[in-house]
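Asks:
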Amino acid sequence: MILEKINEMKEQKIRQYPVNSWRASSLGHPCDRYLVYERTRWQEKKLHNLEMQYIFDMGNEVERIVLDELRSAGFNIYQQQRDFHDTTLGITGHIDGMIELDGQLYPLEIKSCSDYTFKEINSYEDLKRSKKHWLQAYPTQINLYLYFTNKEKGVLLFKNKQSGQYKEIWIDFDWELADRILKRVEALNNHIKNNTLPEKLNTPALCSECPFAHICLPDISTQGQVDIDDNSGLEILLKRWEELKSAKEEFDEVDKQIKEVGKVMKDDITIIGNWILKREIREYETKPQLPKRVKSVIVKISKIGDEQ
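The sequence shown begins at 5 in our numbering and counts up by one.
#1: Once DSSP output is grouped into helix, strand and coil, what is the label at Leu-139?
#2: My guess is that Pro-111 and Leu-74 are in contact by the Cβ rule of under 8 Å, so how many angstroms apart are they, rounded?
#3: Output needed for Lys-165: all residues of its chain with C-beta closer than 8 Å, excluding positions within five of it in sequence on either side, in chain order.
#4: So which of Leu-281, Lys-243, Arg-68, Lys-14 has the shortest CA-CA distance to Asp-271?
#5: If we require 3 or more residues per run, which beta strand (DSSP E) segments fall completely within the region 156 to 219?
#6: When we look at the beta-carbon of Asp-100 and count the other beta-carbons within 10 Å, is it buried (16 or more) or exposed?
#7: Arg-27 bridges to which residues according to DSSP?
#8: Can you tell me which of Glu-12, Met-5, Arg-19, Asn-24 puts its alpha carbon nearest to the alpha carbon of Lys-192?
#9: What's the gap between the Cα of Leu-105 and the Cα of Ile-185?
#10: Can you list, in chain order, the residues of its chain whose CB lies under 8 Å from that of Lys-14, leaving out five sequence neighbours each side?
#11: Return the chain-ordered list of same chain residues with a C-beta closer than 7 Å to the C-beta of Ile-224, the five sequence neighbours on each side being excluded.
#12: From Glu-42 to Arg-19, what does the alpha carbon distance come to, in whole angstroms?
#13: List the whole-angstrom C-beta distance separating Ile-95 from Ala-141, where the pair is believed to meet the contact cut-off of C-beta under 8 Å.
#14: Any beta carbon from chain B within less than 9 Å of Lys-260's own beta carbon?
#15: Kindly give me the distance between the Cβ atoms of Pro-208 and Lys-50, rounded to whole angstroms, as I take these residues to be in contact under 8 Å.
#16: Tell me the rounded alpha-carbon separation between Leu-139 and Leu-31.
#17: What is the rounded straight-line gap between the Cα of Gln-227 and the Cα of Ala-217?
#18: Suppose you measure from the CA of Leu-7 to the CA of Gln-16; what does that come to, to the nearest Å?
#19: Could you compute how far the alpha carbon of Ile-69 sits from the alpha carbon of Gln-169?
#20: Taking all protein chains shown into account, do 16 or more other C-beta atoms lie within 10 angstroms of the C-beta of Lys-163, making it buried, or fewer, making it exposed?
#21: Taking only the alpha-carbon atoms, compute the straight-line gap between Gln-108 and Glu-129 and give it to the nearest angstrom.
#22: Return the bridge partner residues of Cys-117 from the DSSP annotation.
#23: Can the beta-carbon of Leu-71 be found less than 9 Å from the beta-carbon of Glu-113?
#24: Please report the distance separating the alpha-carbon of Phe-177 from that of Val-40.
#25: Would you call the CB atoms of Ile-125 and Lys-171 closer than 9 Å?
#26: Which of the three DSSP states is assigned to Phe-79 in this structure?
#27: I need the boundaries of the beta strand (DSSP E) containing Glu-104, first residue and last residue.
#28: So, helix, strand or coil for Arg-86, using DSSP?
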């Protein structure tokens, strides 16, 4: 009874709104065509599901918590959710706040993230090189806020949703990136003016989950076939797969290091605390095999925006 009422409340938030500008939070998206569709065919965009609404709401709650903790730690935060608008190019944005440090104000953008992402990103370059398109978008967003506020430095403050820990990444204004953004927006404006579409991105991992896929996919040539499925059971398994993947990768790395040490141990048996390392040397003779053609089926798992 409680859950149904909460779900009903959240489902009422899932709706489309007109997009009349280039939003700073979206301009880091890798697909120009997606951005044009957001402006010209926003009403046809596939609505996000209930699970995503929970995630969006959690992000808003985390932002509130972070701001409260910053104030409790003695920081002054100004201009919360201040709106910016470049009327010439049609770029808009609203900043989480300006944080005061040593008498200076710096643009502050708050992000919540998973434990895996929290450990993965430690620098501005990590964000730019990330395979996840939403992480790639953060440098664009914060640089636009620096551009709007005429500041040379700003900060992305990440909060780990699992542990509650913080990580700050300070960013110097990236003139090269800012120039690319502004030129990109000029090109996008020309598409709007001339009622044309940018070149297709043709990245199956991204395109297959795009909320405009039902419009764009007929015009996209992909390798193999792309099926947009709604198999909730498989999606649960994939989410669990992602949760376990980072733990497995860490285990494999530690296991490898231990076994490398074990290979060069002085003796075949070594006791370390409560642990026993045993080394065995095995020799065997392989049988020659005639060459043959083998067909295999390989299934690669990746998350949207992870193109490699």
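Here a beta-carbon is modelled for each residue, glycine too, at the ideal position from N, C-alpha and C. Predicted model, so just to flag it, every value in this text is computed and none were measured.
Replies: The short version:
#1: helix
#2: The pair is not a contact, with the Cβ atoms about 14 Å apart (cut-off 8 Å).
#3: Excluding sequence positions up to five before and after Lys-165, its CB lies within less than 8 Å of the CB of Met-62, Val-66, Ser-116, Cys-117, Ser-118, Asp-119, all in the same chain and listed in chain order.
#4: When only C-alpha atoms are compared, the closest one is Leu-281.
#5: 157 to 164, 170 to 176
#6: buried
#7: The partner list for Arg-27 (beta bridge, DSSP) reads Thr-96.
#8: The sequence given here places Leu at residue 192; Lys does not occur at that position. It is Asn-24 whose Cα lies nearest to the Cα of Leu-192.
#9: 28 Å
#10: Leu-54, Gln-57, Tyr-58, Asp-61
#11: The predicted position of Ile-224 is uncertain, since its pLDDT is 46 and thus under 50; no value can be drawn from it.
#12: 14 Å
#13: 14 Å between Cβ atoms; not a contact.
#14: No chain B is part of this structure, which consists of one protein chain only.
#15: The pair is not a contact, with the Cβ atoms about 17 Å apart (cut-off 8 Å).
#16: 12 Å
#17: A caution first: Gln-227 carries a pLDDT of 45, below 50, which makes its placement in the model unreliable, though a value can still be read off. For Gln-227 and Ala-217, the distance between alpha carbons rounds to 16 Å.
#18: 14 Å
#19: 12 Å
#20: Counting of Cβ neighbours within 10 angstroms places Lys-163 among the buried residues, the total reaching 16 or more.
#21: Distance from the CA atom of Gln-108 to the CA atom of Glu-129, rounded to whole angstroms, is 25 Å.
#22: Asn-164
#23: Not closer than 9 Å, so no.
#24: 26 Å
#25: Cβ distance < 9 Å, so Ile-125 and Lys-171 count as in contact.
#26: It is coil, neither helix nor strand.
#27: 101 to 105
#28: strand
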